[in-house]
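Chains as they are written, first to last, in my numbering: chain A, 1 to 201; chain B, 1001 to 1201; chain C, 2001 to 2201; chain D, 3001 to 3201.
Protein chains: 4
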Amino acid sequence: MSTDTARLEAFSDGVFAIAITLLILEIKVPTAGGGVLTTQLLRQWPSYFSFVASFAFIGIMWINHHRLFTHIRRCDDLLLIFNLLLLLGITFVPFPTAVLAAHLGGPDQRTAAVLFQATYLLISLLFNLLWRYAASSRRRLLSPDTDASSVRRITRQYSFGPLLYLICLALVRVNVLASLLVNFSLACFFAIPAGRNRAVK
Amino acid sequence: MSTDTARLEAFSDGVFAIAITLLILEIKVPTAGGGVLTTQLLRQWPSYFSFVASFAFIGIMWINHHRLFTHIRRCDDLLLIFNLLLLLGITFVPFPTAVLAAHLGGPDQRTAAVLFQATYLLISLLFNLLWRYAASSRRRLLSPDTDASSVRRITRQYSFGPLLYLICLALVRVNVLASLLVNFSLACFFAIPAGRNRAVK
Amino acid sequence: MSTDTARLEAFSDGVFAIAITLLILEIKVPTAGGGVLTTQLLRQWPSYFSFVASFAFIGIMWINHHRLFTHIRRCDDLLLIFNLLLLLGITFVPFPTAVLAAHLGGPDQRTAAVLFQATYLLISLLFNLLWRYAASSRRRLLSPDTDASSVRRITRQYSFGPLLYLICLALVRVNVLASLLVNFSLACFFAIPAGRNRAVK
Amino acid sequence: MSTDTARLEAFSDGVFAIAITLLILEIKVPTAGGGVLTTQLLRQWPSYFSFVASFAFIGIMWINHHRLFTHIRRCDDLLLIFNLLLLLGITFVPFPTAVLAAHLGGPDQRTAAVLFQATYLLISLLFNLLWRYAASSRRRLLSPDTDASSVRRITRQYSFGPLLYLICLALVRVNVLASLLVNFSLACFFAIPAGRNRAVK
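Next up, the structure:
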């Protein structure tokens, strides 16, 4: 039995909205009498950094989720479960980001970067699982308006994800900063839709 | 007076979304200088376990709620109240899960398991209350498209719940791990829709 | 300029959902080695009480909000502002409830009860403000399906609120427990729709 | 490719709802035995002030967001990104508000006020970015019902924002309280729609 995706999207939006705002709770208000305020505020930079970075990463994931569900019009039980798995991964993002911010430049930065990159590798696998399941033609979960070439373009763009994040994970052994730079570039790559310049509507 | 269920679903989705993400707040970011990061991260396994377990359990409950409300199309005042009671139970889930994770293997694991199993017994009773109220034919809250055999299948599947969770609760006295294994199997049972293989659309 | 109420309801549902689940965060997980688990769990009863009480009160307010907005179909700028004021009051509910639970039976229970009753008095005034503004015939914010007698029944039921909560507040001086009992009865009164037995649809 | 704005609005409503209720978490429940309750409650005034002020400011921003999206009917990828940037700014509001409340009247009030005013300057720039992008006629993101004069009125009202908040920021050097008073008056200015008295529908 398949139903439409309205509630799946509403529930996902709620989870995204909470995950994206969660790290503001980690930013503590400096109390009066705890020293010069400017110094106290500046000392908290890892909190600001992880708040903004999580916001950007989860925001880009939301844009991708939104983009997929302009094509996915019906859902069945397995799609609900794959979507929940993806949301589980996304809800976890603030944690490795905060661990990375707290340990970058310290003796444990390699461990923190491994945790961070592994999270993204997992999420890219879950995005592929969700999309490939929905796009499989015999399930008829996509909108009848979706043309086959759009589906192929998204499938191709997404299939690069796990491979590239695996390279990021391997790069951690060589150079932590380089691996993070590649990770950030990948976020920009996924912010831009597949086959942008050829898209017509 | 009966109205449609759009707002009931939107509000429930919000409560589910918050309940499902709440336990990520319990996972603390290890600070630099608190020892080797890998050790610190591994020591927190009860937090990860309860986060993932709550996510899975609440996710399955959301799937069930979603499934019921593909049939329930109208709501009245008592349905709103029964839905609130169910949400109260679901919002509580992260607490017994975290208590269980913190005490599993310790001297108080039996108490923790009783609390955990009793919560599920209560929730299964509340699911039955909601469904049986809505499905009662004279209230006309179900969609006219719902056929009587689907209603009977759901009613039958749900009626097993309280009995099986009661057995789980009794099993705690005999063997804590066995009772938890039965509980986890039940979650899988409720993830699969009633009469899956016979469903036609 | 007036617009429909879809987003006002969605935003309100989000705020209600957060307010209603917030107090679960106040229930702390007892750590292993902190004494016998049963004792630790039982000692937290004020937290459970305020969680359940806030849930019930905010749930009833949500039912009332839902009921009003089955009649209100259009919104203008002042309605948005009055709705925000009401949400401000509702978001505040968990705080006086927790203060009351922490101090009931103690030397400061009167202060806690005054804070609690004053919050309800304020909210009942804000509910009246919202409804009377929307129901004023010259603003045409109500659905054309709403009959004048339903409007009058709701107006009459709501106009009792501030008076009755004022009596509750005065009762605190005489007897704290009596004032709370009247408050709880009032919640039940507002859970039941105006003119229930005469409602037809 | 452009799609409708339903999910963008639902996701934004979720983020607004969380941001607006977040500061209630900062209000601590005074424990029994910590002194006279009234004194303890009154001593927390900066928490109440920042809760109410954030609620008011974010509420007015929500009204503005709601107002813009009665005109914006389609969204594209850049609009999603500009909307995320705006939400990032809005989610941050509780932090500078709490810092201001904690330091007002203290030796660091100037630093706190600079942080507060700079946040509003940034948000007013992001509101302009979002609106000007959407209103640009060649993108066709506005509803066909929107008349050109409404668009011009909103554009004009919003273009004052950055300039006025820049003046507020400069005023901090001269007089902290004066700069805050101007900031609060601006909030009232943006609560009222552009060209209120001339609006027809």
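Just so it is clear, CB atoms sit at the ideal spot from N, CA and C, and this is done for glycine as well. Keep in mind the model is a prediction, meaning the values are calculated, not measured.
In the structure shown, the three-state DSSP call for C:Leu2104 is coil. For the segment 3057 to 3072 of chain D, the beta-carbon criterion of a distance under 7 Å to any beta-carbon of chain C is satisfied by Gly3059, Trp3062, Ile3063, His3066, Thr3070. D:Val3172 places its beta carbon 7 Å or farther from that of D:Gln3109.
Between the segment 1030 to 1043 of chain B and the segment 29 to 42 of chain A there are fewer than three inter-stretch CB-CB distances shorter than 8 Å, so the stretches are not counted as touching.
In terms of beta-carbon proximity, D:Asp3013 lines the interface with chain C, with at least one pair separated by less than 7 Å.
For C:Ile2018, at least one C-beta of chain D is nearer than 7 Å to its own C-beta. For the pair A:Pro94 and A:Leu23, the CB atoms are nearer than the 7 Å cut-off. A:Val36 sits exposed, since fewer than 16 C-beta atoms from the chains shown fall within 10 Å of its C-beta. Residue-level contact check: B:Gly1089 does not touch chain C, since none of the beta carbons of chain C fall below 7 Å from its beta carbon. Taken in chain order, the complete alpha helix (DSSP H) segments of 4 or more residues contained in the segment 3017 to 3049 of chain D are 3037 to 3043. In the structure shown, B:Asp1147 falls within a coil segment according to DSSP collapsed to helix, strand and coil.
The DSSP assignment places complete alpha helix (DSSP H) segments of no fewer than 4 residues inside the segment 1075 to 1122 of chain B at 1077 to 1092, 1094 to 1103, in order along the chain. Beta-bridge partners assigned by DSSP to B:Leu1142: B:Ile1072.
Taking a Cβ-Cβ cut-off of 7 Å, the neighbours of D:Gly3106 in chain A comprise Ala32, given in sequence order.
DSSP links C:Asp2013 through a beta bridge to no other residue.
The three-state reading of DSSP puts A:Thr155 in helix, counting H, G and I together. DSSP links C:Thr2005 through a beta bridge to no other residue.
For C:Asn2175, no alpha helix (DSSP H) encloses it, and the DSSP letter there is neither H nor E. At a C-beta separation below 7 Å, C:Leu2122 has no neighbours in chain D, since its nearest C-beta there lies roughly 12 Å away.
Under the three-state reduction of DSSP output, C:Pro2193 falls in the coil class, being neither helix nor strand. Around A:Val151, no beta-carbon contact reaches into chain B at under 7 Å, the shortest distance being about 23 Å.
Approximately 6 Å separates the beta-carbon atoms of A:Ile20 and A:Phe55; this is inside 8 Å, confirming the contact.
Within the same chain, no Cβ atom closer than 8 Å to the Cβ of A:Leu84 is found once the five residues on either side in sequence are excluded. Around the Cβ of B:Thr1039, a 10 Å sphere holds fewer than 16 other Cβ atoms; the residue is exposed. Scanning its chain for C-beta atoms nearer than 7 Å, with the 5 sequence neighbours on each side dropped, one finds around B:Asn1183 the residues Gln1117, Tyr1120, Cys1168, in chain order.
Taking C:His2071 as reference, the option from C:Trp2131, C:Leu2181, C:Leu2164 with the minimal CA-CA separation is C:Trp2131. Taking C-beta atoms as the reference points, C:Ala2006 and B:Gly1014 fail to come closer than 7 Å. Within chain B, no C-beta atom comes nearer than 8 Å to that of C:Ala2113; the closest sits roughly 24 Å away.
At least 7 Å separates the beta-carbon of D:Asn3128 from that of D:Tyr3165. For B:Ser1136, the three-state secondary structure derived from DSSP is coil. Excluding sequence positions up to five before and after C:Gly2161, its CB lies within less than 7 Å of the CB of Ser2124, Phe2127, Asn2128, all in the same chain and listed in chain order. For the set D:Ala3134, D:Asn3064, D:Leu3025, D:Phe3082, the Cα lying nearest the Cα of D:Tyr3048 is the one of D:Leu3025. Exposed is the label assigned to D:Gly3105, since fewer than 16 other Cβ atoms lie within 10 Å of its Cβ.
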